[in-house]
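All residue numbers for the sequence shown refer to the UniProt record's numbering, where the first residue is 1 and numbers rise by one. Where is the CB? At the ideal position from N, CA and C, for every residue including glycine. In this text, all values refer to a predicted model and were calculated from it rather than measured experimentally.
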Amino acid sequence: MPSVPGVIRLIDPADDRDMRAVFDVGIAAKTFDLPWFSPINFSSWLIQMRTPDPEDAQELYAYFDADGTCLGTNLLFIPLEDNTDKVYSLVDVAPEHRRKGVGSALVEHGLARARALGRTKVFAETLVPGAFDEQHGFVRFARSSGFSQGWDDIARHLALPVPQERLSRLAQSAAVRYVGDYRIETFAGRVPEVHLPGLAELMRLLAVDSPSGDIDFDAEAVSPDRLRRMYDREEEQGRIHLSALAVHDESGAVVAQSDLTMEPPIDFAVQLGTYVHREHRGHRLGMAVKVANLQQLQRDHPGPAFVRTMNAETNVHMVSVNVDLGFEIVETSTEWVMDPTTR
Ligand SMILES: CC(C)(COP(=O)(O)OP(=O)(O)OC[C@H]1O[C@@H](n2cnc3c(N)ncnc32)[C@H](O)[C@@H]1OP(=O)(O)O)[C@@H](O)C(=O)NCCC(=O)NCCS
Numbered sequence: 001m002p003s004v005p006g007v008i009r010l011i012d013p014a015d016d017r018d019m020r021a022v023f024d025v026g027i028a029a030k031t032f033d034l035p036w037f038s039p040i041n042f043s044s045w046l047i048q049m050r051t052p053d054p055e056d057a058q059e060l061y062a063y064f065d066a067d068g069t070c071l072g073t074n075l076l077f078i079p080l081e082d083n084t085d086k087v088y089s090l091v092d093v094a095p096e097h098r099r100k101g102v103g104s105a106l107v108e109h110g111l112a113r114a115r116a117l118g119r120t121k122v123f124a125e126t127l128v129p130g131a132f133d134e135q136h137g138f139v140r141f142a143r144s145s146g147f148s149q150g151w152d153d154i155a156r157h158l159a160l161p162v163p164q165e166r167l168s169r170l171a172q173s174a175a176v177r178y179v180g181d182y183r184i185e186t187f188a189g190r191v192p193e194v195h196l197p198g199l200a201e202l203m204r205l206l207a208v209d210s211p212s213g214d215i216d217f218d219a220e221a222v223s224p225d226r227l228r229r230m231y232d233r234e235e236e237q238g239r240i241h242l243s244a245l246a247v248h249d250e251s252g253a254v255v256a257q258s259d260l261t262m263e264p265p266i267d268f269a270v271q272l273g274t275y276v277h278r279e280h281r282g283h284r285l286g287m288a289v290k291v292a293n294l295q296q297l298q299r300d301h302p303g304p305a306f307v308r309t310m311n312a313e314t315n316v317h318m319v320s321v322n323v324d325l326g327f328e329i330v331e332t333s334t335e336w337v338m339d340p341t342t343r
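Listed below in structure tokens is the structure:
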């Protein structure tokens, strides 16, 4: 029981007042804990939260005290088409209201919701500076809530601009391994229709092939239509999305992809997935698409101070590409997992 009396309510995304309160708690929690964090813009977040995704439901819960002040939030992601044994729970508590039991109440409430949905795995995430630290408050919270450590992802940042000489050298050393069989194409915004089926297939497989400890993930239900809806939403949000693809010359198939996005205000860029199809590995295509996208970023968007990326440390090939590019470790993100039916 929290030491501050209150209630947990499901938030209606159409309710401007509640959405503002929830947004402010999330921003306060992240600004307090993450030195690099730059708040996203409220209108863009509203678009994100108000655009239903038929493949992935979201339920937003918040803890309000007796005065109606929002003290903490829990955003649940509920996959509907794939990975239907899982729920993802993101809990944030306002810095001035921590250690009052609010986080625990939100976690318990999320576990009950997962049980009601018949799910057997609930995931949570902690982000701590530097290496994994058993003593860190968030890690202690995850353990005291009953989660087990799933796997660690390492967050790295790359200061921009990367010296052109380094990018050219890495691009050339990759090119000798693929030119003649593959070509690299870059795009800002929508990827052309002709490439969407191939790109969707790569993104489907990314979740299966990314290291995730002992936990299995189904291929994600990514379709050309889902990508089109993502581009529509990003255009509405004013988000910049840069893609680099490797195309197999002989078949015309898309065999590798890498994505960067930036959210106004453009303080930093986020590296989304980079993926090379299993049958086309060993040609330095991972490096090639990443470098091509960074060159596109630096040519057309001089604003961001760094690129942020997150990988499992066991993903040795991707980590070595990142180290060659100059990425440096900033944080460890741990994925925690629990079976809610055992509680
Ligand atoms: C982690 C977080 C959600 C905890 O919220 P909270 O409301 O302060 O958590 P609770 O008060 O319910 O804490 C429950 C127990 O977790 C442990 N704990 C929580 N914060 C801790 C800290 N800073 N240091 C040590 N132990 C801590 C304690 O055992 C605590 O019980 P106690 O206060 O009786 O000793 C909050 O700090 C937060 O928003 N962090 C940023 C987001 C995040 O990491 N979320 C992921 C959660 S898995």
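Specify the secondary structure class of residue i as computed by DSSP and reduced to three states.
i           : result
A219        : coil
T332        : strand
T120        : coil
E185        : strand
T309        : strand
S212        : strand
A21         : helix
D15         : coil
residue 345 : This structure gives no information on residue 345, because the portion of the chain shown stretches from 1 to 343.
Can you name the start and end residues of the beta strand (DSSP E) that residue i belongs to?
i    : result
T73  : C70 to P79
A244 : I240 to H248
W151 : S148 to A159
E134 : It is not in any beta strand (DSSP E) - E134 carries neither H nor E in the DSSP assignment.
In whole angstroms, what separates the C-alpha of residue i from that of residue j?
i           : j    : result
F217        : M338 : 15 Å
P95         : L80  : 33 Å
L245        : D65  : 49 Å
Y63         : G282 : 50 Å
P264        : G26  : 18 Å
M1          : R9   : 16 Å
A288        : H280 : 13 Å
F77         : R190 : 25 Å
S144        : E134 : 12 Å
V22         : H317 : 39 Å
V323        : G146 : 35 Å
S320        : R156 : 12 Å
E28         : K86  : Note on identity: in this sequence residue 28 is Ala, with Glu being the wrong assignment. In a straight line, the C-alpha of A28 is about 28 Å away from that of K86.
K30         : D249 : 45 Å
residue 367 : V194 : Any property of residue 367 remains undetermined from this structure, which presents the chain solely from 1 to 343.
How is the alpha helix (DSSP H) around residue i delimited, first residue to last?
i    : result
K100 : Note, K100: premise wrong, no alpha helix (DSSP H); not H, not E.
L262 : Residue 262 is actually Met in this sequence, not Leu. It is not in any alpha helix (DSSP H) - M262 instead sits in the beta strand (DSSP E) that spans V254 to M262.
S44  : F42 to R50
F138 : G137 to S144
S168 : Q164 to Y178
Closer than 8 Å to a non-hydrogen atom of ligand 1 - does that hold for the CB of residue i?
i           : result
K86         : no
D92         : yes
K100        : yes
R140        : yes
F147        : yes
W36         : no
W336        : yes
T186        : no
V107        : yes
residue 351 : Because the chain here runs from 1 to 343, residue 351 falls outside it and cannot be looked at.
For this session: Please determine if the segment 96-115 and the segment 304-312 are in contact, where contact requires at least 3 C-beta pairs separated by less than 8 Å.
Result: no
Exercise. Using 8 Å as the Cβ pair cut-off and three pairs as the minimum, do the segment 288-302 and the segment 121-128 touch?
Worked result: no
Exercise. Counting Cβ pairs, one atom from each stretch, are 3 or more of them under 8 Å apart for the segment 202-220 and the segment 254-271?
Worked result: yes
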